[in-house]
Amino acid sequence: MPVLKYPPYITENDCVILFDGVCKLCNAWSQFIIKYDTQQLFKLCSVQSPEGQSILKHFNMPTDHFDTMLYVEGNQCFDKSDAFLNVIHKFGYPWRVLYVFKILPKPIRSWLYDRIALNRYALFGKYDTCMLPTQENESRYLKAEDEK
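Each residue of the sequence shown is one higher than the last, beginning at 1164 in my numbering.
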């Protein structure tokens, strides 16, 4: 049986959401995760962080511009609408109902996702620097010392 190679800082059962740390929409998404992920299934990671950059490199993703949120589960990586839908699928009712959009063909879902992602700074704004986690939420973010 082949040995599976996991991304840096991630093990078999980890569920990590990588997001653009300067994007106001992406930060709102991370706050949504913190609020509604009551089972604390997910860790968050800014793509601009050293940890995020290492994970992006592992999956041969760009490290200088960010057009999508990534969801990493063990050694698998999902992007665009697949990332969103895989995350939302793990939530309870009523959020899980959004998974119904998985029935749309992937090219349509990706096109819709791209319309928002590529215009997110114009639509929602941008921070000058990455937002730092609050002390009470710091444990929800992937950190280098979490490496296993």
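For glycine and all other residues, C-beta sits at the position ideal for the given N, C-alpha and C.
For clarity, every value in this text was computed on a predicted model and none was experimentally measured.
Between which residues of its own chain and residue i is the CB-CB distance below 7 Å, once the five residues before and five after are set aside?
i            : result
residue 1240 : 1222 and 1233
Would residue i count as contacting chain B if we go by Cβ distances under 8 Å?
i            : result
residue 1294 : Judged by its chain identifiers, the structure shown contains no chain B, having just a single protein chain.
Suppose the cutoff is 6 Å on Cβ atoms and the five residues either side in sequence are ignored; what does the same chain contact list for residue i look like?
i            : result
residue 1276 : 1243 and 1244
residue 1175 : 1237
residue 1263 : none
residue 1193 : 1182 and 1207
Taking only three categories from DSSP, how would you classify residue i?
i            : result
residue 1271 : helix
residue 1199 : helix
residue 1244 : helix
Skipping 5 residues on each side, what residues in its chain have a beta carbon closer than 8 Å to that of residue i?
i            : result
residue 1219 : 1181, 1210, 1225, 1226 and 1233
residue 1171 : 1214, 1217, 1218, 1221 and 1310
residue 1293 : 1184, 1185, 1209, 1211 and 1212
residue 1164 : Low confidence applies here, because residue 1164 scores a pLDDT of 49, under 50, leaving its location unreliable and the question unanswered by this model.
Taking residue i as the reference, which of the options has the closest Cα?
i            : options                   : result
residue 1378 : 1214, 1230 and 1307       : Missing from the structure shown is residue 1378; the chain here goes from 1164 to 1311 and no further.
residue 1259 : 1169, 1176, 1196 and 1185 : 1196
residue 1296 : 1185, 1177 and 1270       : 1185
residue 1173 : 1190, 1280, 1183 and 1207 : 1207
residue 1291 : 1190, 1178, 1177 and 1168 : 1190
residue 1247 : 1273, 1228 and 1257       : 1273
What does DSSP give as the partner residue(s) for residue i in the beta ladder?
i            : result
residue 1179 : 1206 and 1235
Cβ pair count under 8 Å reaching 3, the region 1252-1261 against the region 1194-1207: yes
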